[in-house]
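As you go down the protein sequences, you meet chains A and B in turn. Everything in the first sequence is counted per this note's numbering, starting at 383 for the first residue and increasing by one. Everything in the second sequence is counted per this note's numbering, starting at 8 for the first residue and increasing by one. Glycine included, C-beta positions come from ideal geometry on N, C-alpha and C.
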Amino acid sequence: MLRLLAERILFSVATLLGVGLCLFVLTRSMAGTPALTVLGMEATPQQIQQFNHDHGLDRPVIAQYWHWLRGVADGLNFGHSLLSGRPVGPMLRADMPITFEIVGIAFVFAVLVALPLGILSASFQGRIIDHVARIVAVVGVSVPGFWIGLMLIRFPAVQFGWFPPGGFTPWSGGVWPHLQSIVLPCFALGIYYVAILSRMTRSGLVEVGSQDYIRTARAMGLGRGLILVHALKNALVPVVSVGAMSFGYMFGWALIIEYLFNIPGMSNALLTAIDNRDYTVVQAIVFIFTLVFIVSNLLADMLNAYLNPKLAHGQ
Amino acid sequence: MSAAAGTRALRLPRLLSAGPSALIGGGIVLVVVLAAVFAPWIAPHDPLAVSIENSLLPPGGTFLLGTDQAGRDVLSRLIWGARISLMVSLLAVVIGMTCGIVTGLVAACYRQTWIEQVIMRCMEAVASIPLLIWAVALLGILGVEPIVVRGLSFGNEWKLLVLIGLLYTPTLTRIMHDVAVGEIAADYVKARRIQGVSTLSILLGDVLPNCMGPLVVQGTLLVAIGVVVEASVSFIGLGVQPPTPSWGSMLADSRNYIFSSEWWLPVFPGLAISLTVIGFNLLGDGLRDLLDPRHASRGIAG
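Below, the structure written as structure tokens:
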């Protein structure tokens, strides 16, 4: 178990470093000559040389990467913005909590709705409530969240005025206005995962329900609730690991949702940086997202191994 | 799975027995594919024809689903949008499938050697790349202008589909590898070897067809994801570029009319995306019971 843990963590770190290098090289080779972008087309060769020297762009890529990594390790310092010259880390410090809050709430919402829905669906297997839940799941998996968000803006928000049609009110603007401004984005982001996780809960429970130990429990006259507890323990194994992975995926979709609702989170920072061709900022943001993604995948693996020891030993 | 089960299962009677979800899904997919293929003939108007006097007409009359801000027919743009949407999502799957089959087969072939280790570890690393964010960032840095290769112009959608295809590869490699490992160990492969058939022709002629079931199922589900990814990236303006009609960019345009009464602008493209995705998801789920009874393909997440 410990060996597996160490191995997984080591591999994740190696992956992060490797993928980070790819990102570093790709953004650098694609960005063309940042000096021209920043200084303008009329820049003299001396100015360009000076610029490249100041930003360390004239050194080998590996050396640049190493320097950058040391900056990251040394207090989340993601280099300096090409455009403003300000350090990138503090620039993002205001945007990051917003994205994390929205993803976090959407995730909790998804789990809290998906589990009861899946349990209901499995306990009334084949009945109307099950059919309804399954149709909801297929539709929820298929209808893109950003369109649901657009519809929510168009109708409940604009037509009926129940919610603000976008924008973000921070906590300092009052608890109620803050919550009002994030309800729709969180719903639009979470609904896909409600569908995914409820489907998995249902199929997990149905599968476990046909196994011998549940039949034995039923034959012994155990109550429904007690059987459910026993069944859930095993049925939830895949749900937990997919849930952990979903957390990483949600940051990707949050990009689109934040754009749609004009929320000043990481997505806004990324798209602004892209517009400005400020690729050190782009690099930093994509690296942070990749880090979150890898950590949540690692967490999913760990949970899986913990809940399902057979799997861990089998490998 | 017996030899050629993959193709036999696709025959109509068995497809009909796959249950209502596969049939409904297949029907929807068929309609969308027909619309995409025959777009020039069935679209009632030119999707690009601007006519200011017809701008923002409500649905009904000559313009069945209304017109947009430039007076272009929404229905015609939807039909042409199916083309670009399917092109991106299908070609992405083709790219992912090709890469996945090659790497997966090679890895399965060199089982328990360093080659398998390297391939599978690399794939695991690629799988830890968050698709949407990398797509947005790389397209953003690369710019949305078309790439010209030997006089042929490749629009931005080509960059998008190559990127999606490459990021699909790990999933398909893993499935190919897992299924092929079981097949290669099977007795019929030994028999073919004794017959003196070369390894390559056993792999391509016998093993690969038997592995296609789970790959087809996963591919179908990945098409569904591709449609959403294309729409999302086009929605934020980094995918299909105007004036080419795309469902995602139609939704992006509709944002300007969110406060006025033109409800048809955001509603219809979204319905088109949703229906298409529902179609591919239902079809994939239905095919799974038919072609992939052991569930080597994974559910949809992403």
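Residue i versus residue j - alpha carbon distance
{"i": "residue 494/A", "j": "residue 26/B", "result": "31 Å"}
{"i": "residue 136/B", "j": "residue 472/A", "result": "25 Å"}
{"i": "residue 524/A", "j": "residue 427/A", "result": "53 Å"}
{"i": "residue 640/A", "j": "residue 568/A", "result": "10 Å"}
{"i": "residue 606/A", "j": "residue 584/A", "result": "16 Å"}
{"i": "residue 555/A", "j": "residue 561/A", "result": "10 Å"}
{"i": "residue 398/A", "j": "residue 513/A", "result": "42 Å"}
{"i": "residue 443/A", "j": "residue 407/A", "result": "7 Å"}
{"i": "residue 172/B", "j": "residue 290/B", "result": "20 Å"}
{"i": "residue 447/A", "j": "residue 147/B", "result": "21 Å"}
{"i": "residue 592/A", "j": "residue 573/A", "result": "29 Å"}
{"i": "residue 310/B", "j": "residue 613/A", "result": "No statement about residue 310/B is possible, as the shown extent of chain B runs from 8 to 309 and does not include it."}
{"i": "residue 15/B", "j": "residue 478/A", "result": "Unreliable placement is indicated for residue 15/B, whose pLDDT of 48 sits below 50; the coordinate value is still reported in the next sentence. Approximately 53 Å, taken between the alpha carbons."}
{"i": "residue 176/B", "j": "residue 542/A", "result": "45 Å"}
{"i": "residue 545/A", "j": "residue 538/A", "result": "7 Å"}
Residue-chain proximity (residue i, chain B), Cβ-Cβ < 7 Å
{"i": "residue 412/A", "result": "yes"}
{"i": "residue 532/A", "result": "yes"}
{"i": "residue 619/A", "result": "no"}
{"i": "residue 606/A", "result": "no"}
{"i": "residue 481/A", "result": "no"}
{"i": "residue 661/A", "result": "yes"}
{"i": "residue 592/A", "result": "no"}
{"i": "residue 616/A", "result": "no"}
{"i": "residue 574/A", "result": "no"}
{"i": "residue 641/A", "result": "yes"}
{"i": "residue 529/A", "result": "yes"}
{"i": "residue 524/A", "result": "yes"}
Helix, strand or coil at residue i according to DSSP, with G and I counted as helix
{"i": "residue 80/B", "result": "strand"}
{"i": "residue 136/B", "result": "coil"}
{"i": "residue 7/B", "result": "Outside the shown range of chain B (8 to 309) lies residue 7/B, about which nothing can therefore be said."}
{"i": "residue 9/B", "result": "No answer about residue 9/B holds up, because its pLDDT of 42 lies below 50 and its placement is not dependable."}
{"i": "residue 49/B", "result": "helix"}
{"i": "residue 442/A", "result": "coil"}
{"i": "residue 265/B", "result": "coil"}
{"i": "residue 155/B", "result": "strand"}
{"i": "residue 612/A", "result": "helix"}
{"i": "residue 469/A", "result": "strand"}
{"i": "residue 435/A", "result": "helix"}
{"i": "residue 302/B", "result": "coil"}
{"i": "residue 696/A", "result": "Note that residue 696/A scores a pLDDT of 44, beneath 50, so its modelled location is shaky and nothing firm can be said."}
Residue i - containing beta strand (DSSP E), residue span
{"i": "residue 159/B", "result": "159-161"}
Segment limits, alpha helix (DSSP H) that includes residue i
{"i": "residue 525/A", "result": "Note, residue 525/A: premise wrong, no alpha helix (DSSP H); not H, not E."}
{"i": "residue 535/A", "result": "Unbroken run through residue 535/A: none, as it is neither H nor E."}
{"i": "residue 674/A", "result": "661-689"}
{"i": "residue 38/B", "result": "27-44"}
{"i": "residue 569/A", "result": "557-591"}
{"i": "residue 292/B", "result": "271-298"}
{"i": "residue 225/B", "result": "215-242"}
{"i": "residue 598/A", "result": "594-601"}
{"i": "residue 407/A", "result": "384-412"}
{"i": "residue 654/A", "result": "648-657"}
{"i": "residue 482/A", "result": "478-505"}
{"i": "residue 209/B", "result": "206-209"}
{"i": "residue 194/B", "result": "194-201"}
{"i": "residue 418/A", "result": "416-421"}
Any chain A beta carbon closer than 7 Å to residue i
{"i": "residue 288/B", "result": "yes"}
{"i": "residue 37/B", "result": "no"}
{"i": "residue 137/B", "result": "yes"}
{"i": "residue 307/B", "result": "At residue 307/B, the pLDDT of 45 sits below 50, so the modelled position is not reliable; the number obtained from the coordinates is stated separately. By this cut-off, residue 307/B is an interface position."}
{"i": "residue 11/B", "result": "Any reading at residue 11/B must be qualified, since the residue scores a pLDDT of 44, below 50, and its modelled position is unreliable; no value is offered."}
{"i": "residue 297/B", "result": "no"}
{"i": "residue 132/B", "result": "yes"}
{"i": "residue 144/B", "result": "yes"}
{"i": "residue 167/B", "result": "no"}
beta-carbon residue i near the ligand ADP non-hydrogen atom, thresh 6 Å
{"i": "residue 243/B", "result": "In the structure on display, the ligand ADP does not appear, and there are no ligands present to speak of."}
Contact with chain E by residue i, beta-carbon distance below 7 Å
{"i": "residue 397/A", "result": "Checking the listed chains, one finds no chain E in this structure; the protein chains it contains are A and B."}
Checklist line | Any 3 or more C-beta pairs closer than 8 Å across the stretch 481-492 of chain A and the stretch 620-633 of chain A | finding: With a cut-off of 8 Å, the stretch 620-633 of chain A and the stretch 481-492 of chain A count as touching, because enough Cβ pairs lie within range.
Check: Taking three-plus beta-carbon pairs below 8 Å as touching, is the stretch 527-543 of chain A in contact with the stretch 272-279 of chain B?
Finding: Here the stretch 527-543 of chain A makes contact with the stretch 272-279 of chain B; the two share three or more CB pairs at distances below 8 Å.
Next item on the list: Evaluate the contact criterion for the stretch 384-403 of chain A versus the stretch 671-687 of chain A: three or more CB pairs, one atom per stretch, below 8 Å.
Entry: Judged by Cβ distances under 8 Å, the stretch 384-403 of chain A makes contact with the stretch 671-687 of chain A, as three or more pairs qualify.
Next item on the list: Determine, using beta-carbon pairs with one atom in the stretch 122-130 of chain B and one in the stretch 212-222 of chain B, whether at least three such pairs fall under 8 Å.
Entry: Output reads no: the stretch 212-222 of chain B does not touch the stretch 122-130 of chain B.
Check: Do the stretch 284-291 of chain B and the stretch 514-523 of chain A touch if we need at least three Cβ pairs shorter than 8 Å?
Finding: yes
Note to self: I'd like to know if the stretch 246-257 of chain B and the stretch 104-114 of chain B are in contact, where contact means that at least 3 CB-CB pairs between them fall below 8 Å.
What the structure shows: no
Next item on the list: Report yes or no: do the stretch 167-176 of chain B and the stretch 86-106 of chain B share at least 3 C-beta pairs separated by less than 8 Å?
Entry: Counting Cβ pairs under 8 Å, three or more are found: they touch.
Note to self: Within 8 Å, do at least three Cβ pairs link the stretch 45-57 of chain B to the stretch 291-302 of chain B?
What the structure shows: no
Check: How do the stretch 151-167 of chain B and the stretch 239-246 of chain B stand: do at least 3 beta-carbon pairs fall below 8 Å, yes or no?
Finding: yes
Note to self: Under 8 Å: do the stretch 108-126 of chain B and the stretch 180-188 of chain B share three or more Cβ pairs, one atom per stretch?
What the structure shows: Three or more beta-carbon pairs drawn from the stretch 108-126 of chain B and the stretch 180-188 of chain B are found closer than 8 Å, and the two stretches are therefore classed as touching.
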